[in-house]
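Visitor: Chains as they are written, first to last, in the numbering used here: chain F, 67 to 423; chain S, 67 to 423; chain R, 67 to 423; chain V, 67 to 423.
Shown below is the structure under consideration.
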């Protein structure tokens with residue numbers, strides 16, 4: 067198991083959901099970067115549960131505590147270590163999970179892989195709570211990127227049958243992204259937002275959960291980051307995006323729609339704009355031959371519905387090796403998509419920063 | 067630029083389309099593996115162009131020449147180096163590409179990134195021809211995997227508006243995969259195959275190209291390979307899949323369909339089968355919490371239509387910085403999807419082997 | 067700056083001497099390993115200052131606090147994060163170091179590299195105090211190695227003009243190593259120990275410091291770990307040994323004595339011993355062609371005298387760019403060699419474990 | 067086994083001594099670097115055998131053949147692949163080595179590690195011949211470094227009992243290094259050279275071999291490359307230096323002499339020189355706290371006498387598991403030190419370039 071990411075920025079994430087603390091070490095940050103902690107807290111709060119009925123009512127404080135690598139809010143160049151204490155955890159709620167794995171959770175493969183030694187309380191190291199340090203790292207990365215004129219932002223593109231407007235791929239502005247990345251339930255269209263909340267509430271009332279998609283964009287990336295073959299922008303970003311729990315698909319530009327497109331429809335012609343080369347359209351999502359082409363990077367991820375539902379489910383008892391009906395107790399998000407928006411932004415920011423360093 | 071992949075198996079790919087040769091080094095292979103060269107040639111031939119009207123009429127011999135790491139067809143444990151000589155190349159066909167980048171090709175970002183020093187003949191190091199060494203490495207990986215009971219196979223799932231049958235995700239057999247991975251234009255349904263050929267021919271007659279999707283599966287993977295956070299099976303596989311030119315989306319299990327699914331529909335319940343734990347369905351594509359769960363690994367990739375079309379296109383002249391109409395000469399695949407099937411299998415095989423070593 | 071080591075075991079060290087805490091993350095540990103915390107404390111105590119006049123009188127408690135990756139003293143397989151709180155630090159003692167770099171310390175190159183942003187209190191991230199997390203990681207590694215029959219131990223081979231007996235390279239026992247690695251001032255010959263203490267005391271009374279060497283051995287390593295070219299046992303071990311502050315030379319087997327040896331003297335003939343192949347001598351220190359050969363691994367490191375001396379020294383004022391005489395205040399070890407013994411053992415243990423995983 | 071080195075420059079070496087060819091791939095080179103092939107050939111020739119009685123009379127042509135990554139002698143930014151054909155090999159000379167391992171060679175551990183599948187002809191992948199691609203890579207690295215004002219050069223410091231003058235560590239000039247790195251048997255003092263040749267000839271007449279040391283220096287390195295903990299200049303350089311066959315010790319600055327030095331003797335005071343900070347002495351070999359300090363980087367390596375001697379030696383028969391007397395046939399260098407000088411320069415150049423990219 068390796069909870070490490072990056073070539074130039076090395077991010078190591080540790081901790082278990084119900085252990086003492088979770089946290090991360092970010093190695094390779096430039097020195098002399100002034101960090102705005104309030105902006106970091108905004109992203110942490112966007113990910114934190116308990117804000118409304120669409121998320122789990124557990125209260126997490128999730129205050130990031132910087133241990134090293136920063137003096138007077140300025141990076142020193144030494145590894146930045148950060149801790150978030152775990153509080154308000156009720157391990158008892160999870161006590162029957164050891165023997166009966168929750169369907170579509172990590173429980174069963176983790177049991178096999180770690181021989182029953184892994185911490186199962188609250189999902190342990192597999193808990194989606196481990197995305198909090200990623201959001202922290204992403205918030206740091208965003209600030210460094212911002213100084214380079216690069217902006218990352220995302221919105222909920224779909225929840226269940228409800229769809230938001232999509233980005234106008236070739237005309238995304240950094241202001242639009244900044245606005246999206248400063249609010250808790252980011253949508254382009256505010257009507258869509260209410261419909262999405264309704265969709266989630268319906269799932270909740272049904273003791274069920276619901277999936278969705280998130281669209282993310284990056285503006286200001288210079289031409290030529292990434293490379294072909296094994297170092298494509300898509301390889302780097304997908305690698306960290308698939309590290310986010312529940313993400314099951316990653317698409318750049320037109321994604322799966324390319325399958326039914328002709329070259330003449332999919333190609334992004336070039337034009338001269340303000341004396342520079344620019345694309346007329348941005349079907350490719352800002353990446354050609356694995357490299358950024360100057361257009362905004364645009365990608366979409368699909369998140370599966372959280373497997374923690376309160377409906378009875380069929381599972382097996384790993385002790386008796388008999389089938390058993392499982393009812394998951396505790397309170398769980400009926401939809402993780404809204405809280406996942408800052409996580410996706412964070413993953414993209416860390417990936418882009420690693421490519422740009 | 068780094069053309070290196072892998073943690074335990076280190077694959078380094080080199081060469082330019084119209085240079086002297088292309089090739090690869092595979093480091094970290096176990097010693098004592100008997101290689102069946104004929105099987106390797108089969109995969110190389112499946113990728114090679116010129117088999118029928120659906121692909122480019124250029125003749126490539128693509129005979130892999132092993133330089134080191136193998137004696138009497140048995141791996142020695144030392145790095146396996148392989149060369150494929152380049153023959154039958156007409157550099158003159160590409161002579162106007164330096165100043166006028168082909169839309170949606172790597173030309174423009176590569177020009178910026180490498181300051182005009184990169185080899186542009188035939189795409190240089192960015193040519194899809196560089197997938198030949200990947201197919202070689204994949205063919206080697208497949209044979210090592212086969213000895214561990216792991217089989218990789220893929221088929222064309224869609225070309226344009228034509229769709230093949232999809233895998234029955236929870237009931238894929240290694241025989242089915244072996245059959246698919248031994249033929250040049252792999253489809254599950256033979257009617258679909260003819261319709262796809264027609265679709266490609268239509269694009270060709272229109273001086274255009276067409277995209278598609280490929281579905282790939284892996285059987286026999288033991289429970290528990292991969293890990294969560296930054297070492298998920300999805301991260302590893304997507305990272306190498308996005309290295310394949312034209313791939314713009316990667317989806318596991320239900321992929322983007324998860325967005326409109328409820329947890330109760332998406333969860334894969336457990337049952338006891340032959341005394342072991344098994345999933346009742348396989349919506350998750352064999353990966354839970356980043357780890358293999360014992361069900362077949364099932365994924366889908368989308369490939370954009372090749373940007374090399376003979377229709378006139380708008381571009382810019384990088385010398386004069388004026389807009390210009392470009393007509394790409396030379397003969398090009400109207401659809402790269404059929405030839406990409408063994409490339410996708412190869413990428414998956416190398417990724418899975420790296421995870422299993 | 068990357069404070070990361072290892073391919074299979076990934077060790078990340080963070081913290082500054084006078085910051086809130088120092089610590090490490092160890093990723094890739096096997097699950098199910100029962101840790102004996104008392105043994106870890108023994109190594110931590112061997113490194114800790116203040117035990118006698120040979121070391122700095124500052125009191126460090128250095129109690130390692132495990133944050134994650136361990137439940138009931140058993141590893142879970144998730145990253146093991148550990149913190150050591152910093153206490154009893156007097157930053158005032160170091161207040162003039164910013165402008166006048168201490169000769170032969172990291173002060174000057176760090177000032178240039180980090181643009182004055184690095185934490186200079188007590189050496190910051192460059193402090194030898196950062197070896198405490200390495201000792202912790204080494205103590206964990208030793209316990210895993212012990213379960214594989216591998217033992218690491220070291221002794222002070224030389225301080226100033228005083229030399230200890232050297233290992234009988236081909237006949238080192240694990241008991242001998244265990245004994246050495248359980249005491250604070252490890253020497254083979256007890257007379258040498260007293261003379262060394264005297265040598266250190268002389269340096270201290272002279273307001274000076276003194277260097278030395280440490281010899282380290284590993285028994286029980288199976289034949290064939292490591293590899294040639296870039297993965298030699300010597301490469302891996304030297305890489306981590308040169309991470310230990312003050313280490314300026316690393317030698318395997320006869321080391322620099324090989325320069326005046328004939329092949330007929332230096333070669334280790336083979337014999338049959340208890341039905342197995344064994345070397346008659348062990349001039350090569352257990353490594354041939356980069357691989358372990360079954361004999362004990364034997365190496366020696368040289369440590370320079372600590373540059374922190376209280377004698378006046380010539381330096382420059384980085385503000386005025388004028389030469390200035392510097393007098394370093396505070397109390398410092400006149401000799402770091404005794405405390406470095408567990409650090410060297412730790413570095414070797416982590417390196418060997420990474421090779422053996 | 068991993069024959070890969072580097073973080074930013076990735077060097078992969080492949081081939082077996084008596085296989086078809088040996089070679090390397092260098093990935094990550096900047097584009098647009100004009101290579102002077104003649105200078106590369108000079109270094110290749112310095113390493114090649116057969117120049118005089120001090121080395122093996124086998125004729126190797128060792129002409130590097132560049133396959134990719136270079137057009138018109140200018141790097142393209144794509145991986146540079148290079149091949150050297152193997153010629154003039156007499157495999158028969160080595161036919162008894164499979165069953166009776168040569169003492170102090172890689173034969174025995176390689177036999178165990180690779181289960182008898184490794185290529186044993188001429189040492190296979192373990193042959194010192196594999197240093198030819200390293201010399202090539204080093205020659206490329208030197209040219210890139212030269213453009214940054216960095217020069218690498220080395221000389222034979224000792225062979226047997228004969229010693230050369232040593233570098234005046236704080237006053238090394240790039241001219242001095244260039245002169246040393248352009249001749250085949252590099253010594254500072256020409257008298258020492260003749261005595262060394264005599265020492266080698268004596269060993270040869272005795273059917274024996276002799277060891278030695280090489281001192282290497284680098285001028286022009288900017289302050290602040292490398293970092294502390296796991297990224298020290300010493301870690302990086304020692305890691306690649308210990309990849310060179312026969313190297314058994316690496317020392318920076320005063321090396322093992324530090325053991326008997328006081329801090330007041332070992333510290334390098336600072337002065338102002340031409341308006342900049344400079345060290346008064348250079349005992350630390352240009353590295354402080356793992357970082358370059360602006361003084362020349364100075365290091366020394368010890369090479370053991372080559373284990374291939376024609377004197378009868380005791381070994382064991384791995385088939386019968388009985389002791390046996392071995393007489394190694396074929397012609398071998400009585401001293402590899404002179405030919406190793408360009409190899410050491412190459413290793414250092416590649417290491418420094420990787421740190422500086």
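C-beta atoms are modelled at their ideal positions from N, C-alpha and C, and glycine is treated no differently.
1) Give me, in chain order, the residues of the same chain whose beta-carbon lies closer than 7 angstroms to that of residue 142 of chain F; leave out the 5 immediate sequence neighbours on both sides.
2) If you follow the alpha helix (DSSP H) that residue 295 of chain S is in, where does it begin and where does it stop?
3) Do residue 346 of chain V and residue 260 of chain R come within 8 angstroms of each other at the CB atom, strictly closer than that value?
4) For residue 490 of chain S and residue 199 of chain S, I'd like the C-alpha separation in whole angstroms.
5) Is there at least one Cβ from chain R nearer than 8 angstroms to residue 194 of chain F's Cβ?
6) Decide if residue 350 of chain V is buried, meaning its Cβ has at least 16 other Cβ atoms within 10 Å, or exposed.
7) Should residue 123 of chain R be labelled buried (16 or more other beta-carbon atoms within 10 Å of its own) or exposed?
8) Counting only beta-carbon atoms, is residue 134 of chain R nearer than 8 angstroms to chain F?
9) For my contact list, residue 222 of chain R and residue 108 of chain R are in at a C-beta cut-off of 8 angstroms; report their separation, rounded to the angstrom.
10) Taking residue 382 of chain F as the query, report the chain S residues whose CB atoms sit under 8 angstroms from its CB, ordered along the chain.
11) Have a look at residue 203 of chain S and residue 92 of chain S and give me their C-alpha separation to the nearest angstrom.
12) List, in chain order, every chain S residue whose beta-carbon is nearer than 9 angstroms to that of residue 237 of chain V.
13) Looking at C-beta atoms only, is the number of pairs between the region 325-332 of chain S and the region 358-374 of chain F that lie closer than 8 angstroms three or more?
14) Determine whether the beta carbon atoms of residue 89 of chain F and residue 150 of chain F lie at a separation below 8 angstroms.
15) Give the residues of chain S in contact with residue 404 of chain F, contact being defined as C-beta atoms less than 7 angstroms apart.
16) What is the rounded straight-line gap between the Cα of residue 72 of chain V and the Cα of residue 409 of chain S?
17) Pick out whichever of V/231, V/77 and V/337 has its Cα sitting closest to the Cα of residue 206 of chain V.
18) Taking 8 angstroms as the limit between beta carbons, can you name the residues of its chain near residue 86 of chain R, skipping five residues before and five after?
19) Report yes or no: do the region 386-406 of chain F and the region 349-366 of chain S share at least 3 C-beta pairs separated by less than 8 angstroms?
20) State the Cα-Cα distance for the pair residue 246 of chain R and residue 313 of chain V, rounded to the nearest angstrom.
21) What distance in whole Å lies between the Cβ atoms of residue 309 of chain R and residue 248 of chain V, which are believed to be in contact at a cut-off of 8 angstroms?
22) Just curious, the alpha helix (DSSP H) that residue 256 of chain R is in, first and last residue?
23) Given that residue 107 of chain V touches chain R, what residues does it touch there, using C-beta distances under 9 angstroms?
24) Pairs of beta-carbons, one from the region 378-396 of chain F and one from the region 161-176 of chain F, closer than 8 angstroms: are there three or more?
25) Consult DSSP for residue 318 of chain F and reduce its assignment to one of helix, strand or coil.
26) Can you tell me where the beta strand (DSSP E) with residue 385 of chain S in it begins and where it stops?
27) Per the DSSP calculation, residue 336 of chain R is bridged to which residue(s)?
28) Does any residue of chain R have a CB that is nearer than 8 angstroms to the CB of residue 302 of chain F?
29) Is residue 181 of chain S near residue 326 of chain F, with beta carbons less than 8 angstroms apart?
30) Within the continuous alpha helix (DSSP H) that includes residue 310 of chain V, where are the two ends?
31) Go ahead and label residue 111 of chain F buried or exposed: buried means 16 or more other beta carbons lie within 10 angstroms of its beta carbon, across all protein chains shown.
32) Please confirm if residue 76 of chain F has its CB atom under 8 angstroms from at least one CB of chain R.
33) Using a beta-carbon distance below 8 angstroms, is residue 184 of chain V in contact with chain R?
34) Among residues of its own chain, excluding the 5 on either side of residue 405 of chain R, which ones have a beta-carbon nearer than 8 angstroms to its beta-carbon?
35) Please state whether DSSP places residue 302 of chain S in a helix, a strand or coil.
36) Which residues in the same chain as residue 244 of chain S place their Cβ atom closer than 7 angstroms to its Cβ, once the five residues preceding and following it in sequence are excluded?
Guide: Short version:
1) Shown here for residue 142 of chain F: same chain residues with a beta carbon closer than 7 angstroms to its own, the five before and five after excluded, namely 97, 135 and 136 in chain order.
2) Residue 295 of chain S -> no alpha helix (DSSP H), and no H or E assigned at all.
3) Taking 8 angstroms as the cut-off, the Cβ atoms of residue 260 of chain R and residue 346 of chain V do not count as close.
4) Given a span of 67 to 423 for chain S in the structure shown, any question on residue 490 of chain S remains unanswerable.
5) So no, residue 194 of chain F is outside the interface.
6) It is buried - the Cβ of residue 350 of chain V has at least 16 other Cβ atoms within 10 Å.
7) Its pLDDT being 48, under 50, residue 123 of chain R is placed unreliably in this model, and the value from its coordinates should be taken loosely. Burial is judged here by how many other beta carbons sit within 10 angstroms of a residue's own beta carbon; residue 123 of chain R has fewer than 16 and is exposed.
8) Chain F contact via Cβ: present.
9) In this structure residue 222 of chain R is not in contact with residue 108 of chain R, their Cβ atoms being roughly 17 angstroms apart against a cut-off of 8 angstroms.
10) Result: 336, 337, 338 and 343.
11) Rounded to whole angstroms, the separation of the alpha carbons of residue 92 of chain S and residue 203 of chain S is 7 angstroms.
12) Listed along chain S, no residue sits closer than 9 angstroms to residue 237 of chain V by beta-carbon distance, the nearest being about 38 angstroms off.
13) Enough Cβ pairs lie closer than 8 angstroms, so yes.
14) A contact, by the Cβ cut-off of 8 angstroms.
15) Among the residues of chain S, none has a CB under 7 angstroms from the CB of residue 404 of chain F; the nearest is roughly 14 angstroms distant.
16) Looking at the two C-alpha atoms, the distance is approximately 28 angstroms.
17) The residue with the shortest Cα to Cα distance from residue 206 of chain V is V/77.
18) 151 and 152, listed in sequence order.
19) The region 386-406 of chain F makes no contact with the region 349-366 of chain S, as fewer than three CB pairs between them are under 8 angstroms.
20) Taking the CA atoms as reference points, residue 246 of chain R sits about 28 angstroms from residue 313 of chain V.
21) Contact annotation, residue 248 of chain V with residue 309 of chain R: C-beta distance approximately 35 angstroms; criterion of less than 8 angstroms not satisfied.
22) Taken as a continuous stretch (DSSP letters only), the alpha helix (DSSP H) holding residue 256 of chain R covers 256-271.
23) By Cβ distance, chain R contributes nothing, its closest Cβ being about 23 angstroms from residue 107 of chain V, past 9 angstroms.
24) Between the region 378-396 of chain F and the region 161-176 of chain F there are three or more C-beta pairs closer than 8 angstroms, enough to call the two in contact.
25) Reduced to three states, the DSSP call for residue 318 of chain F is strand.
26) From DSSP, residue 385 of chain S is part of no beta strand (DSSP E); its letter is neither H nor E.
27) R/345.
28) Cβ-Cβ to chain R under 8 angstroms: no for residue 302 of chain F.
29) Note that the C-beta distance between residue 181 of chain S and residue 326 of chain F is not below 8 angstroms.
30) Neither: residue 310 of chain V is in no alpha helix (DSSP H) and is coded neither H nor E.
31) Residue 111 of chain F is exposed by the Cβ-count criterion.
32) Yes, its Cβ sits closer than 8 angstroms to a Cβ of chain R.
33) It does not; no Cβ of chain R falls within 8 angstroms.
34) Excluding residues within five positions, the ones whose Cβ falls inside 8 angstroms are 112, 113, 114, 115, 121 and 399.
35) Here residue 302 of chain S sits in helix by DSSP.
36) Excluding sequence neighbours, residue 244 of chain S sits near 217 and 219.
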